[in-house]
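Following numbering that gives the first Met the number 0, the residues of the sequence shown are numbered contiguously, the last one being 96.
First comes the structure, then the notes that go with it.
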Amino acid sequence: MACYAGVAPFPYRSGSSIRGRNKVNHLADKKLKSLLNTCALNAKKYDYQMKIYFDNKAENGKNKMLILNYIRNKLLHRVFAVIKRQQPYVNIHNFAA
Numbered sequence: 000m001a002c003y004a005g006v007a008p009f010p011y012r013s014g015s016s017i018r019g020r021n022k023v024n025h026l027a028d029k030k031l032k033s034l035l036n037t038c039a040l041n042a043k044k045y046d047y048q049m050k051i052y053f054d055n056k057a058e059n060g061k062n063k064m065l066i067l068n069y070i071r072n073k074l075l076h077r078v079f080a081v082i083k084r085q086q087p088y089v090n091i092h093n094f095a096a
């Protein structure tokens with residue numbers, strides 16, 4: 000599903016060259032990817048865990064679009080965990096304090 004949504008990175012290699020960056024598939028579902036992007040931007044802004052995650056990765060020198068791609072992938076994992084468990088999502092951070 001991550002590949003279909005365009006958030007799974009693949010190594011880019013051409014023949015003997017191994018110096019290419021990792022890239023996402025360009026054949027992804029554009030509508031799903033745009034919805035995930037909107038969700039990732041809102042999660043970065045309002046979800047405390049994602050905000051801390053984004054800030055830590057940015058502090059370590061990661062590209063901001065790369066971090067947003069990580070957040071998109073995390074959101075997909077959360078969605079599929081909710082579907083697999085058939086229980087609503089519980090934000091554990093609210094109970095940790």
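Quick reminder that beta carbons are idealized off the backbone N, C-alpha and C, glycines included.
With distances taken Cα to Cα, identify the nearest neighbour of residue i among the options.
i: Met0; options: Gln85, Leu26, Leu75; result: Leu75
i: Pro8; options: Ile51, Leu65, Ser33; result: Leu65
i: Ile51; options: Val89, Ala80, Ile70, Arg77; result: Ile70
i: His25; options: Val6, Val78, Val89; result: Val6
i: Asn72; options: Val89, Ile91, Lys43; result: Lys43
Using the rule of at least 16 other Cβ atoms within 10 Å of the residue's Cβ for burial, across every protein chain shown, is residue i buried or exposed?
i: Met49; result: buried
i: Gly60; result: exposed
i: Ala57; result: exposed
i: Phe53; result: buried
i: Glu14; result: In the sequence under discussion, the amino acid at residue 14 is Gly, which differs from the Glu named in the question. It is exposed - the Cβ of Gly14 has fewer than 16 other Cβ atoms within 10 Å.
i: Asp46; result: buried
i: Ala4; result: buried
i: Asp80; result: One point to set straight first is that residue 80 is Ala, not Asp, in the sequence displayed. It counts as exposed.
i: Leu35; result: buried
For residue i, which three-state DSSP category applies?
i: Lys100; result: Nothing about residue 100 can be reported from this structure: the residues present for the chain run from 0 to 96 only.
i: Ser13; result: strand
I believe residue i touches residue j by the beta-carbon criterion, under 8 Å. Please report the beta-carbon distance rounded to the nearest angstrom.
i: Ala39; j: Leu67; result: 5 Å
Three or more C-beta pairs below 8 Å linking the region 17-27 and the region 71-91: With contact defined as three or more Cβ pairs closer than 8 Å, the region 17-27 and the region 71-91 are not in contact.
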